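**Q** There's a structure below that I have some questions on.
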Ligand SMILES: Nc1ncnc2c1ncn2[C@@H]1O[C@H](COP(=O)(O)OP(=O)(O)O)[C@@H](O)[C@H]1O
Ligand SMILES: [Mg+2]
C-alpha cells in the first residue's frame, strides 16, 4: 500500500520548515550567496586572465634577429638549432623584405613598432608551447651562434601568469573557508528545524516511519536553501560582472584586456553555481541529521 | 504475538530492571500487565517497541526476532504495533484528523487510504464529530481516544498501551478500557500496562503480575496481586 517516495510531501514539509525558521534560513542563504559570489568572482577573474593568456598564446611567439653578416642560406640553416631548443614548437623564417612589407601594411606586430625600417633584419618568428617558459626559451635561443638578439614580451606574459596564480591561490583558500562556514550554518539551520520537530519525529518513528522518510524533508530543505543561494548569487554575480566589465573596457588602454561577455560564461557558471549550492545544502543537512536518527 | 524467553535487562547505570522474564502472548489475546511502580513494566514495553535492547534472552514480536533485527527492519516491525502512552503524545498544532493523517502519512499511505480509514477509526473511538478539534479543545479522555485511534489507524496486529488511564479519572478510565476491550473483540491483540487494581478487576482478563523485575503471577480471570475480587 505504501508509496515509496512521496515527493510532494517532502517538498511541502521542507518549504514549511524554511518559513518556520525564517531568520536562520535567511542567514544560511546569505552565507551560500557570499560563498558562491567569492568563488564566482575569482573564477571569473581567472577565466578572463586565462582567456587573455590564451590570446597571447595564440601568438605566443618571440622574435630572433639574425646576425647581419649571415647570408640568407646560413640564416635559414639555423632553424634546426632553434627547433632543438625545448618548448619551441615552430620557427618561421621571415626575410627582412617580408618584414618590411608587413610593417608597411601596418599589420605588423605592435612590438616592432619602435624599430626603424632600416634596421630590420632577417628573423625567425618562434612559437613556444608554454608561455610560462617563454623567457627561458628566448634566452636559450639567444645563445645560438648567429642569433644577434631576441625580442620577447616576457614581462606581460609573466605578469599575467603571476596574477592568475595568485588569484587562484586566494580563491582556493577563500572558497575552502566559505564552504566550511556555509556547511556549518546550513547544518545548524537543519538541526534547529529537526529539534523543533523532535516530538513529531518521535511519533513518526513510533508509527514505523523509515529513517529515509524522516530525513527527506530536511534534505529538501537544505537543497532549497542551497539552490536559492545559488540563484541569488548568480544574479548578483551577473550584475557585478557587467559593471566591472564596463569599467575595465572604458579604462582599457591596453587592447590586450579583452573581457569575455557574461553570456558566453552562463552555460558553465549557472550549472556550477546550482551544483555547488545543492551540494552544500545536501551535505549540510545530511551531516546535521545523521546523529539524530539512531533508533 | 509476543515471546519473551529468559529476558534480562540491565540499564547502563547498573539497574537490573528485568531478571528473567518468560511470557507468551498470542494473537487475539487481551492482557493486563500489572505491578507496582518501578517493577519493570515500562521496560517490557520499550523492549517490545525496540526502543531498548535486552541484555540477555530471546525476544520475538509479531514474527520479528528483535535479537538480530536489522535497523532497516525496525520500522517495519513497528508498523505491526499501535502504541499508546499515558501522556497521549498528540501534536498540539494539528487537529484530530491531522494527527491521524500524520500517522498514516508517516508510513507512506495515500490520500485515498486516508479518506477511507480515518473516518472509520474516528467512529470506532466515538470522535467522528470532533475531527476538526485541536487536542487542547478536548477532555483528557477524548485525547486518549484520539491517541488510541492513531494507534489503530495503520491497522496494527497489536495495541500496546503503557498506563493509558494514568492521567484520567475513574469513569474516563473505565471508558478507555472498554474501548480497548471492544478493539480486542474486533481482532486486535491488546497489551495494557496499569497499576489500577479496581479497573483490572472489573474485566475477567489474563493478568500478568510483575514485581521487582520478575513475573510473580500469570492467570486469567480478574486477579491482581493474587487478590480475588
Ligand atoms: N533509562 C533508565 N536508566 C536507568 N534505570 C532505569 C531506566 N528506566 C527505568 N529504570 C529503572 O528500571 C526499573 C524499572 O523501571 P520501569 O520499567 O520504568 O518500571 P515501571 O514502568 O514498572 O514503573 C526502575 O528501578 C527504574 O528506576
Ligand atoms: Mg512505567
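Chains as they are written, first to last, in the numbering used here: chain A, 1 to 295; chain B, 296 to 524.
Ideal Cβ placement from N, Cα and C applies to all residues, glycine included.
On a predicted model such as this, the values are computed, not experimentally measured, just so you know.
1. Could you tell me the boundaries of the alpha helix (DSSP H) in which residue 408 of chain B lies?
2. Opposite residue 303 of chain B in the DSSP bridges: which residues?
3. State the start and end residues of the unbroken beta strand (DSSP E) segment that holds residue 526 of chain B.
4. Quick check: is the beta carbon of residue 209 of chain A nearer than 8 Å to any beta carbon in chain B?
5. Please list the terminal residues of the continuous beta strand (DSSP E) segment that includes residue 453 of chain B.
6. Exposed or buried, residue 397 of chain B, counting other C-beta atoms within 10 Å across all chains shown (16 or more means buried)?
7. Per DSSP, what kind of secondary structure is residue 463 of chain B in: helix, strand or coil?
8. Going by beta carbon distance, what residues of the same chain come within less than 6 Å of residue 90 of chain A, once the five residues before and after it are set aside?
9. Please list the partners that residue 421 of chain B has in chain A, where partner means a Cβ-to-Cβ separation under 7 Å.
10. Hey, out of B:508, B:485, B:472, B:484, whose CA is closest to residue 498 of chain B's CA?
11. Taking only beta-carbon positions, decide if residue 355 of chain B is within less than 8 Å of chain A.
12. If we require 3 or more residues per run, which beta strand (DSSP E) segments fall completely within the segment 41-83 of chain A?
13. How is the beta strand (DSSP E) around residue 377 of chain B delimited, first residue to last?
14. Please decide whether residue 213 of chain A counts as near chain B, where near means a Cβ-Cβ distance under 8 Å.
15. Is it buried or exposed for residue 266 of chain A, if we count other Cβ within 10 angstroms and need 16 for buried?
16. Count the other CB atoms, across all protein chains shown, that sit within 10 Å of the CB of residue 374 of chain B; report buried if there are 16 or more and exposed otherwise.
17. For a contact defined as C-beta to C-beta under 7 Å, what are the partners of residue 204 of chain A on chain B?
18. Less than 8 Å between the C-beta atoms of residue 409 of chain B and residue 399 of chain B, yes or no?
19. Could you spell out where the beta strand (DSSP E) holding residue 5 of chain A opens and where it closes?
20. Can you tell me whether residue 182 of chain A is buried or exposed? The criterion is at least 16 other CB atoms within 10 Å of its CB, across all chains shown.
21. Skipping 5 residues on each side, what residues in its chain have a beta carbon closer than 6 Å to that of residue 460 of chain B?
22. Output yes if chain A places a C-beta closer than 8 Å to the C-beta of residue 297 of chain B; else output no.
23. Over what stretch of residues does the beta strand (DSSP E) that includes residue 90 of chain A continue unbroken?
24. Less than 7 Å between the CB of residue 458 of chain B and some heavy atom of ligand 2, yes or no?
25. Checking the sheet assignment: what are the DSSP bridge partners for residue 327 of chain B?
26. Going residue by residue through the segment 114-191 of chain A, where are the continuous alpha helix (DSSP H) segments of at least 4 residues, counting only ones entirely within it?
27. Taking 7 Å as the cut-off, is the CB of residue 306 of chain B close to at least one heavy atom of ligand 1?
28. For residue 515 of chain B, report the span of its beta strand (DSSP E) as first-last.
29. Considering only the beta carbon of each residue, do residue 502 of chain B and residue 325 of chain B sit closer than 8 Å?
30. Does residue 86 of chain A pass the burial test, meaning 16 or more other C-beta atoms within 10 Å, or should it be called exposed?
31. Could you name the residues of chain A that residue 411 of chain B contacts, counting a contact when the two beta carbons are closer than 7 Å?
32. Let me check one thing: in DSSP terms, what residues is residue 356 of chain B bridge-paired to?
33. Once DSSP output is grouped into helix, strand and coil, what is the label at residue 445 of chain B?
34. Less than 8 Å between CB atoms is the rule here; does residue 320 of chain B satisfy it with respect to chain A?
35. Can you check whether the C-beta of residue 199 of chain A is within less than 8 Å of a C-beta belonging to chain B?
36. Assign residue 481 of chain B to one of two classes, buried (16 or more other C-beta atoms within 10 Å of its C-beta) or exposed (fewer than that).
**A** Concretely, from the data shown:
1. 406-419
2. B:314, B:351.
3. Nothing about residue 526 of chain B can be read from this structure; chain B reaches only from 296 to 524.
4. For residue 209 of chain A, the answer is yes, since a Cβ of chain B falls inside 8 Å of its Cβ.
5. 453-457
6. buried
7. The three-state reading of DSSP puts residue 463 of chain B in coil, since its state is none of H, G, I, E or B.
8. 127
9. For residue 421 of chain B, there are no C-beta contacts with chain A under 7 Å, since the nearest C-beta of that chain is about 22 Å from it.
10. B:472
11. Chain A contact via Cβ: absent.
12. Within the segment 41-83 of chain A, the complete beta strand (DSSP E) runs of at least 3 residues are 61-66.
13. Counted as a single uninterrupted DSSP element, the beta strand (DSSP E) harbouring residue 377 of chain B occupies residues 376-379.
14. Chain B, which has a Cβ nearer than 8 Å to the Cβ of residue 213 of chain A, makes this yes.
15. exposed
16. buried
17. 401
18. Taking 8 Å as the Cβ cut-off, residue 409 of chain B and residue 399 of chain B qualify as a contacting pair.
19. Residue 5 of chain A -> no beta strand (DSSP E), and no H or E assigned at all.
20. Counting Cβ neighbours within 10 Å, residue 182 of chain A comes out buried, since at least 16 surround it.
21. 468, 471.
22. no
23. 88-94
24. yes
25. B:487, B:502
26. 134-142
27. Yes, the Cβ of residue 306 of chain B comes within 7 Å of a heavy atom of ligand 1.
28. 509-515 is the span of the beta strand (DSSP E), which, as asked, contains residue 515 of chain B.
29. no
30. Classification for residue 86 of chain A: exposed.
31. Simply none; closest approach about 11 Å.
32. The secondary-structure analysis by DSSP pairs residue 356 of chain B across a beta bridge with B:297, B:359.
33. DSSP places residue 445 of chain B in the helix class (H, G or I) of the three-state scheme.
34. no
35. yes
36. exposed
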